[in-house]
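First residue of the sequence shown? That's 31 in the working numbering, and the numbers climb one at a time after it.
All C-beta atoms, glycine included, are put in the ideal place defined by N, C-alpha and C.
Just so you know, these numbers come straight off a predicted model, no measurement behind them.
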Amino acid sequence: MKKIVIDPVTRIEGHLRAEVEIDENHVVREAYVSGQLFRGIETILQNRDPRDSGLLAGRICGVCTNSHFRAAITAVEDAYGIDVVKNARIIRDLISLSLFIQDHVVHFYHLHLLDYADVTKALEADPKQTSKIGHKYSHRPYANSHEHYASVKEKLQKFVKAGRLGLFANGYWGHRAYRLSPEENLLLLSHYLEALKFQTNISQAIAIFGGKTPHPQTIVVGGITSVRDMLNPQRLNDYIFIMKEAKAFIDRAYLPDMRLLVDKYREEIEKGAGRGNGNFLSVGGYRFDKAHRLFEEGVIFGEDLDHIQPFDARKITENVERAWYEGEEIRYTDLNPDGTLKTAGDKEKYSWIKAPRYDGKAMECGPLARLLVTYHQGNGLIKPFVDEFLQATGLKMEDLHTTIGRNAARAIETAYIAEYLFRFVNTLVENIKYYDTTTWRPYTFEALPAAAKGNAFLEVPRGVLSHFVQIEERKIGKYQVIAPTTWNASPKDGSGQRGPYEEALVGIRLQDPQKPLEVLRVLHAFDPCIACAVHVIDPKGKELGRFKIHQCCSL
Ligand code: MG
Ligand code: NI
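And the structure:
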């Protein structure tokens, strides 16, 4: 058995370390995934005014700012029993859903694509042939002229001639696991550059209702403050315009590119590379009218799609036997006495990420979990999106439960959201038209209970986010967060059960142990956000206690 350590894993948010043990055939037999940076934002929240929870919790992460902002305010609203007005819910959903789209596109192109596309190979591409490939995967391929491809190729050549690859430096270029032709590489890389503009545009869309991004600031307990923006038709139009352009890019570049990847990496799918333990969690949400919501709620165990269980928050526990927490204090224990870094072993603690479990099981959350649960709970909205993709690629449902499949699920979800986003805008406009312009539910802080307890369970781009707040003497007492990456990047628990990243790594085969590209593929496909994942646990209890489930996204 040989051990490979990747530290840090780049093109993710935060500090992640991965250790894999490979056998003589270079097959991964054991994996240890570790969050390397202690955070402790919960401590900062203590003794603060509950109404400020959102602005403070938003700082948990520089990427998922809005997700934490919203979840924190929602948890406080739940504690006080404050019902959010309809318009404010829609505005919050519009901000969240735009963030899904931005995160997913940025993830695919800027964080993950270079695990599949070789920049150096694109230099050999024929721009005319590239244009032909564009037509193979889309009826109306995005920016598909050969002049465009020629200019992208020239840009890449300039990088190389100058002796630097710039933002493309340090890849495993030339690795045998890269499967694309020069033209396919050029096609995808041209979209990589287009997507840089895309992420700026979506930031502008989010800022219309969020005030700014990252760290939007327009959500308050009981409602939102971007009243003038909501009531200004020009602002609404600006939002719609940006999102329509985004939809065009998703339908004509992102989704076709995903089909291309499936085509070229089909062998990876057939081998089941990246398959985990088959446990999936979704809390659902994003309702745009009485009958329709984007995501369903449910729990899948062991890939059993026919018997989806209802989600029950009381079944969540947190385990820290293999995480760097002990007794009453937090102790950093990853250094040897001589100051060198310990590598993870059989029994040792090895991560700042705790191990949440549902009914004792490690669970995967995120786009794939949402897709499987939503589809198999009979949601008619998502069905054509999934069916169409499977039909176009010749994949089966179980093929999605792989590394490539996780990416496919994310792409399908993006196209699905970009389609239905406009229904949320319609509902908003309908409300305003019928003179419901309320954006905030008034309350008197002093009249609210001095002590209360609340929570929020929210689907966000990377999966299930939950915030738990306990208010004592009108101040925040205890605060606790379980982020999507806490579930997915969790370490082993006391019984030795691996976390989802680890389970997905076990079984893959590396072509070259010196260049563990395949490990990066598995990890990146989950879209790790490690700043989000690391959270202090209440040292007294591993059980989260009993919480009423609050569907923060329903109208
Ligand atoms: Mg596996
Ligand atoms: Ni994050």
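Residue i burial status per 10 Å Cβ neighbour count (16 or more: buried)
i	result
Ser525	exposed
Leu226	exposed
Asn307	buried
Ile112	buried
Gly529	buried
Arg440	buried
Tyr464	exposed
Asp429	buried
Thr40	exposed
Pro543	exposed
Asp37	exposed
Ala278	exposed
Thr474	exposed
Val50	buried
Asn267	exposed
Glu214	buried
Gly44	buried
Arg100	buried
Pairwise C-alpha distance: residue j and residue i
i	j	result
Tyr110	Ala513	23 angstroms
Ala374	Ala321	49 angstroms
Thr457	Glu548	44 angstroms
Leu451	Met273	8 angstroms
Thr347	Arg387	5 angstroms
Met31	Lys379	21 angstroms
Val190	His56	33 angstroms
Met427	Ile442	13 angstroms
Ile52	Val35	11 angstroms
Ala482	Asn96	24 angstroms
Pro244	Ile125	11 angstroms
Asn262	His98	27 angstroms
Ile71	Thr150	42 angstroms
Val490	Glu60	30 angstroms
Ile538	Gln527	18 angstroms
His140	Gly328	31 angstroms
Residue i - containing beta strand (DSSP E), residue span
i	result
His322	322 to 330
Tyr316	310 to 319
Leu46	46 to 52
Ile112	It is not in any beta strand (DSSP E) - Ile112 carries neither H nor E in the DSSP assignment.
Ala61	58 to 65
Span of the alpha helix (DSSP H), counted from its first residue to its last, around residue i
i	result
Ile71	71 to 75
Ser83	83 to 87
Tyr446	433 to 463
Ile560	560 to 563
Beta-bridge pairing of residue i - partner residues as DSSP gives them
i	result
Leu495	Leu488
Glu300	Beta-bridge pairing links Glu300 to no other residue.
Lys345	Looking at the DSSP assignment, Lys345 forms no beta bridge with any residue, so it has no partner.
Ile506	Ile501
Ile34	Val50
Ala481	In DSSP, Ala481 forms no bridge with anything.
Gln339	Val329
Ser512	Note on residue identity: the sequence assigns Ile, not Ser, to residue 512. Answer is Ser496, bridged to Ile512.
Gly253	Val250, Trp470
Residue-chain proximity (residue i, chain B), Cβ-Cβ < 7 angstroms
i	result
Pro246	Among the protein chains of the structure shown there is no chain B, as only one such chain exists.
Checklist entry - Which ranges does the alpha helix (DSSP H) cover as unbroken runs of at least 4 residues, wholly within the region 137 to 218, from first to last along the chain? => result 149 to 152, 157 to 167, 176 to 191
Next on the checklist: Quick check for students: name the residue ranges of the alpha helix (DSSP H) that lie wholly in the region 514 to 556, counting only runs of 4 or more.
Outcome noted: 514 to 518, 530 to 535, 547 to 554
Checklist entry - What alpha helix (DSSP H) runs, 4 residues minimum, are completely inside the region 370 to 425? => result 397 to 406, 413 to 423
Item to check | Continuous alpha helix (DSSP H) assignments of at least 4 residues falling wholly in the region 256 to 287 | outcome: 257 to 260, 263 to 279
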